[in-house]
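This report refers to the structure that appears directly beneath it.
Spelled out as structure tokens, the structure:
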């Protein structure tokens, strides 16, 4: 799974001394490459909440989002992403929950590292207003797509 796109954060809400939550919406183009050589491109939209914790090792310390994909054939793919931070790693765990057409009965999990950069390079955390991020996602995992075809 490889993807690139942009994410818009709303103005964060403070929930503790050094903690905030922020709603986001992301738009990406995702390429899925399967073992049989089949490649499928999906326009993907995410909506979710990111956790900002200034006391954590990474300012964005967690979060989740819901996934709505629409592929080149008009079939929909649904899922969820959970943000993971480990030493030297930030990324998403993408859990797929089926869809329509080729994605009907699809399931699986892909873990993908995420590179992200704010539109303003000197962005303070937490941002004092809405902000745009640019990102690139690259990862592998196991997906069962019984209706994929050749």
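Numbering (my numbering), first residue to last: 182 to 331.
Glycine included, C-beta positions come from ideal geometry on N, C-alpha and C.
None of the values given here were measured: they were computed from a predicted structure.
Residue range of the beta strand (DSSP E) that includes residue 152 | Absent from the structure is residue 152, since the part of the chain shown begins at 182 and ends at 331.
How many whole angstroms separate the CB atoms of residue 318 and residue 295, which I take to be in contact at a CB cut-off of 8 Å?
-> Within the chain shown, the letter at position 137 stands for residue 318. Within the chain shown, the letter at position 114 stands for residue 295. Confirmed, Cβ separation roughly 5 Å.
Which residue comes first and which comes last in the beta strand (DSSP E) that contains residue 266?
-> Here residue 266 is taken as the residue at index 85 of the chain shown, counted from 1. Its beta strand (DSSP E) spans residues 257-267.
Looking at the structure shown, is residue 289 part of a helix, part of a strand, or coil, going by DSSP?
-> As a working mapping, residue 289 is identified with position 108 in the chain shown. Three-state DSSP puts residue 289 in a strand.
Put residue 282 into one of helix, strand or coil per three-state DSSP.
-> Along the chain shown, read from residue 1 onward, the residue named residue 282 stands at position 101. Helix.
When the Cα atoms are used, what is the spatial distance from residue 230 to residue 216?
-> On the chain shown, residue 230 is found 49 positions in, with the first residue counted as 1. On the chain shown, residue 216 is found 35 positions in, with the first residue counted as 1. For residue 230 and residue 216, the distance between alpha carbons rounds to 33 Å.
Sort 226, 233 and 245 by Cα distance to residue 200 and report the nearest one.
-> The sequence position of residue 200 within the chain shown is 19, counting from 1. By alpha-carbon distance to residue 200, the top candidate from 226, 233 and 245 is 233.
Through-space distance from residue 227 to residue 287, alpha-carbon basis = On the chain shown, position 106 is the one that residue 287 refers to. On the chain shown, position 46 is the one that residue 227 refers to. So the two alpha carbons sit approximately 18 Å from each other.
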